[in-house]
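The next block holds one structure in the form of structure tokens; read it before the comments.
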Amino acid sequence: ELGDLSQYPEDGEWLLPMFSSFSVVSVEVIPDRNHLTRVVLQMRGSLAGPIRDDIFPEADRSLASVMVKKIRTDTEAMSSRAQLVAKAIYTTLRLQERKAMHPQYLLHAQYLTYFAETKRSSVAKATVEDGTIRWQQCTSEASMGPDGVMKPATWESIAKRQAVLMEQLFLKRTRTTKSFQQDGLGSINFQEFTADLAGKGVKKIRRMIGKFVSHQGPPPSAAPPAA
């Protein structure tokens, strides 16, 4: 069923000329909807088939012909664009592989990597030193007190020296690389936003911009209901 002509009769203007013929599948009267008659039709023929059929009204053949031509043209154009994009991607990858073998390109790539690392370090140091960015770690989780009152989690600021390294790694993360191991800092996981600083145990961390939390780990999953 491509359209409910009983509810949307205007669809008949474009739906019916698209196919060679129809056969009635079922006829249903719906009492709850003011005895609306619902007729289900089964189509025969398609846009790709012949449209010079005696069943087609003469006035609708030109409309069907235009629609068939337009859909075929759009399909061919989409297929051609997909092939061109695939070839461009493959050519770019091959070009990068060949460039990587050239000493001058390798030197340039090393320079770009060094420049990016230096820029991340400079930005991280500047934002942490002026207090714009702060990193905090959770020292105690939120818990329910004996009096039934929820006790919020406790967060403490991380030392600036470690915060600079953490911010630098945060700026270095990508969609695929979110875990880092840094000398003098420890292991950092920006997927779950946890850190093991100097081997003192894995704790939750969060990134603060001023007084607001910009990044933190996902909320804990809800406990399954009791059986």
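Sequential numbering from 878 applies to the sequence shown in this note's numbering. Don't be surprised by glycine CBs; every beta carbon is placed ideally from N, CA and C. Just so you know, these numbers come straight off a predicted model, no measurement behind them.
Under 8 Å, do residue 1082 and residue 1014 count as touching if we go by C-beta distance? Your numbering for residue 1082 matches position 205 in the sequence shown. Your numbering for residue 1014 matches position 137 in the sequence shown. Cβ atoms of residue 1082 and residue 1014: closer than 8 Å.
Can you confirm whether the region 1005 to 1012 touches the region 1069 to 1085 when touching is taken to mean that 3 or more C-beta pairs between the two stretches lie within less than 8 Å? Between the region 1069 to 1085 and the region 1005 to 1012 there are three or more inter-stretch CB-CB distances shorter than 8 Å, so the stretches are counted as touching.
So what does DSSP say about residue 1026, is it helix, strand or coil? Locating residue 1026 in the sequence shown gives position 149, counting from the first residue. Note: residue 1026 maps to coil in three-state DSSP.
Should residue 1041 be labelled buried (16 or more other beta-carbon atoms within 10 Å of its own) or exposed? Along the sequence shown, one-based indexing puts residue 1041 at 164. Residue 1041 is buried by the Cβ-count criterion.
Locate the alpha helix (DSSP H) running through residue 1002, then write down its first and last residues. By 1-based counting over the sequence shown, the position of residue 1002 is 125. Run containing residue 1002: 980 to 1006, per the alpha helix (DSSP H) assignment.
Neighbourhood of residue 980 by C-beta distance below 7 Å, restricted to the same chain and skipping five residues each side: Residue mapping note: residue 980 aligns to position 103 of the sequence shown, counting from 1. Excluding sequence neighbours, residue 980 sits near nothing in its chain.
If you draw a straight line from the C-alpha of residue 1056 to the C-alpha of residue 1068, how long is it? Taking the sequence shown and counting its residues from 1, one reaches residue 1056 at position 179. Taking the sequence shown and counting its residues from 1, one reaches residue 1068 at position 191. Roughly 7 Å between the two C-alpha positions.
If you count every other CB in all the chains shown that lies within 10 Å of the CB of residue 1043, and 16 or more means buried, which is it? Position 166 of the sequence shown, counting from 1, holds the residue named residue 1043. Residue 1043 should be labelled buried.
Through-space distance from residue 1001 to residue 1090, alpha-carbon basis: Against the sequence shown, residue 1090 aligns to sequence position 213. Against the sequence shown, residue 1001 aligns to sequence position 124. Approximately 17 Å between the Cα atoms of the pair.
Measure the Cβ-Cβ separation of residue 1065 and residue 1072 and say whether it is below 8 Å. Indexing the sequence shown from 1 puts residue 1065 at position 188. Indexing the sequence shown from 1 puts residue 1072 at position 195. The answer is yes: Cβ separation under 8 Å.
Assign residue 925 to buried or exposed, taking buried as 16 or more other Cβ atoms, counted over all protein chains shown, within 10 Å of its Cβ. Position 48 of the sequence shown holds residue 925. In this prediction, residue 925 scores a pLDDT of 46, lower than 50, which makes its location untrustworthy; no coordinate-derived value is stated.
Counted within 10 angstroms of its Cβ, other Cβ atoms place residue 1078 as buried (16 or more) or exposed: As a first step, residue 1078 must be located in the sequence shown, where it is residue number 201. Exposed, because fewer than 16 other Cβ atoms sit within 10 Å of the Cβ of residue 1078.
For residue 1047, three-class secondary structure by DSSP: Residue mapping note: residue 1047 aligns to position 170 of the sequence shown, counting from 1. Three-state DSSP puts residue 1047 in a helix.
Taking its Cβ as the centre, do 16 or more other Cβ atoms sit within 10 Å of residue 1045, making it buried, or is it exposed? Sequence index remark: in the sequence shown, residue 1045 carries index 168 (1-based). Here residue 1045 is buried: its Cβ has 16 or more other Cβ atoms, across all protein chains shown, within 10 Å.
Report the three-state DSSP secondary structure of residue 1068 (helix, strand or coil). As a working mapping, residue 1068 is identified with position 191 in the sequence shown. Assigned with DSSP and collapsed to three states, residue 1068 falls in coil, not helix or strand.
Endpoints, beta strand (DSSP E) assigned at residue 1081: Looking up residue 1081 in the sequence shown gives position 204. Taken as a continuous stretch (DSSP letters only), the beta strand (DSSP E) holding residue 1081 covers 1079 to 1086.
Which first and last residues belong to the beta strand (DSSP E) in which residue 1010 is found? Within the sequence shown, residue 1010 is the residue found at index 133, counting from 1. Judged by DSSP secondary structure, residue 1010 falls within the beta strand (DSSP E) whose first and last residues are 1010 to 1017.
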